[in-house]
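Trainee: Below you'll find the structure I mean.
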Amino acid sequence: MDYSFCSSVLSFVTVVTEYVDELLMVKAKYIDLIGKMICNIIDLRRNAILNAAFKEFAERGFDEASTNVIAKESGISKGLMFHYVNSKKDL
């Protein structure tokens with residue numbers, strides 16, 4: 047049996063395995079970074095909604111406050127706003 051061929055194949059597999067491991071580590075770092083960015087976006091949107099709601103409630107009172115205005119002031123659609131809160135009362 048030609049052991050030099052086996053040794054070459056083993057060396058190749060080792061190099062490929064190390065490369066794949068390195069790629070997986072890089073992928074994991076990017077996934078972690080993207081997860082943190084998404085959490086930051088969620089926090090920013092939630093804060094924008096709450097600030098806009100506070101302003102609208104202070105100016106008009108709860109009964110007269112408009113969720114359309116709150117969404118617009120938050121910079122998001124009304125549908126997306128209700129993804130963050132269930133109702134006007136939750137604000």
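Mind the numbering: the sequence shown is residues 47 to 137 in our numbering, read in order. Just so it is clear, CB atoms sit at the ideal spot from N, CA and C, and this is done for glycine as well. All figures in this text were calculated on a predicted structure; none of them were measured in a lab.
1. I want to know whether the segment 89-101 touches the segment 112-130 - three or more CB-CB distances under 8 Å.
2. State yes or no: is the C-beta of isoleucine 88 within less than 9 Å of the C-beta of alanine 99?
3. Taking only three categories from DSSP, how would you classify valine 131?
4. Measuring straight from C-alpha to C-alpha, what distance separates glycine 125 and aspartate 136?
5. Can you tell me the Cβ-Cβ gap for threonine 113 and lysine 82, rounded? I've got them flagged as a contact below 8 Å.
Mentor: In short, the structure shows the following:
1. yes
2. Numbered from its first residue, the sequence shown carries residue 88 at position 42. Numbered from its first residue, the sequence shown carries residue 99 at position 53. Not a contact, by the Cβ cut-off of 9 Å.
3. As a position in the sequence shown, residue 131 is number 85, starting the count at 1. In the structure shown, valine 131 sits in coil (DSSP, three-state: anything other than H, G, I, E or B).
4. In the sequence shown, residue 125 corresponds to position 79, counting from 1. In the sequence shown, residue 136 corresponds to position 90, counting from 1. Their backbone Cα atoms lie some 15 Å apart in a straight line.
5. Residue mapping note: residue 113 aligns to position 67 of the sequence shown, counting from 1. Residue mapping note: residue 82 aligns to position 36 of the sequence shown, counting from 1. No, threonine 113 and lysine 82 are not in contact; Cβ-Cβ is about 30 Å, not under 8 Å.
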